[in-house]
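Residue numbers (the numbering used here), protein chains in the order written: chain A, 45 to 126; chain B, 45 to 126. The beta carbon of each residue, even a glycine, is placed where N, CA and C say it ideally should be. Predicted model only: the values in this text are computed from it and were never measured. Everything below concerns the one structure shown next.
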């Protein structure tokens with residue numbers, strides 16, 4: 045079962061990488077870009093009976109390794125339930 | 045206009061970060077996870093008249109800075125057309 049996990053910094057947490065990209069974009073003439081935030085997107089296959097179980101496993105993976113839940117939020121989407 | 049850009053490695057390109065995460069998950073007992081691939085998700089505001097124009101600007105940003113189009117694919121989604 046293919047699962048997509050989006051991990052993003054919580055609102056209010058400073059994003060220095062996003063700031064750097066914003067400055068670089070501005071330097072290239074893209075002055076219309078603002079509020080750049082950079083997150084991670086993880087896709088993986090999970091061997092599970094159904095999509096509810098896959099989502100549950102993905103959440104446990106996020107809590108124990110993938111996301112730093114102090115400063116990051118995560119969302120899980122089962123994109124291929126085969 | 046809020047735009048979401050997903051940048052992922054092209055199929056066939058080795059993903060050492062994904063491999064490392066897969067091994068770490070396996071070490072934690074998540075042996076049901078496989079084919080872990082890690083990409084970036086960039087959200088930003090683009091000052092544009094309409095969503096077509098915002099998408100066009102985002103594509104130009106990807107081509108010139110955000111994505112390495114030799115090894116990465118990108119997809120653009122205008123999520124808030126206000």
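Residue i - containing alpha helix (DSSP H), residue span
| i | result |
| --- | --- |
| residue 52(B) | It is not in any alpha helix (DSSP H) - residue 52(B) instead sits in the beta strand (DSSP E) that spans 46-53. |
| residue 66(B) | 60-71 |
| residue 102(B) | 95-105 |
Proximal chain B residues relative to residue i, where beta-carbon distance stays under 9 angstroms
| i | result |
| --- | --- |
| residue 63(A) | Neighbours of residue 63(A) on chain B: none; closest Cβ ~12 angstroms, over 9 angstroms. |
| residue 91(A) | 75, 76, 77, 78 |
| residue 72(A) | 105, 108, 109 |
Within chain A, partners of residue i - CB distance below 9 angstroms
| i | result |
| --- | --- |
| residue 69(B) | 88, 105, 108, 109, 110 |
| residue 123(B) | Result: empty, since nearest Cβ-Cβ is about 12 angstroms, beyond 9 angstroms. |
Residue i, buried or exposed, once every other Cβ within 10 Å from all chains shown has been counted against 16
| i | result |
| --- | --- |
| residue 102(A) | buried |
| residue 57(B) | exposed |
| residue 83(B) | buried |
| residue 63(B) | exposed |
| residue 48(B) | buried |
| residue 66(A) | buried |
| residue 98(A) | buried |
| residue 96(B) | exposed |
| residue 123(A) | exposed |
| residue 78(A) | exposed |
| residue 72(A) | exposed |
| residue 52(B) | buried |
Closer than 6 angstroms: residue i CB and nearest the ligand GDP heavy atom
| i | result |
| --- | --- |
| residue 111(A) | Looking for the ligand GDP in the displayed structure turns up nothing, as the structure carries no ligands at all. |
Where the beta strand (DSSP E) through residue i begins and ends
| i | result |
| --- | --- |
| residue 80(B) | 77-90 |
| residue 123(B) | 116-124 |
Under 8 angstroms by beta carbon: chain B residues contacting residue i
| i | result |
| --- | --- |
| residue 54(A) | Going along chain B, no residue has its Cβ under 8 angstroms from residue 54(A), so there is no contact; the nearest lies around 13 angstroms. |
Contacts that residue i makes with chain B (C-beta to C-beta distance below 7 angstroms)
| i | result |
| --- | --- |
| residue 141(A) | Chain A is shown only over 45 to 126; residue 141(A) falls outside these bounds and no answer can be derived. |
- Message: Whether or not the segment 88-105 of chain B and the segment 103-114 of chain A are in contact is what I'm after, with contact meaning three or more pairs of Cβ atoms, one per stretch, closer than 8 angstroms; do they touch?
- Response: With the cut-off at 8 angstroms, the segment 103-114 of chain A and the segment 88-105 of chain B do not touch.
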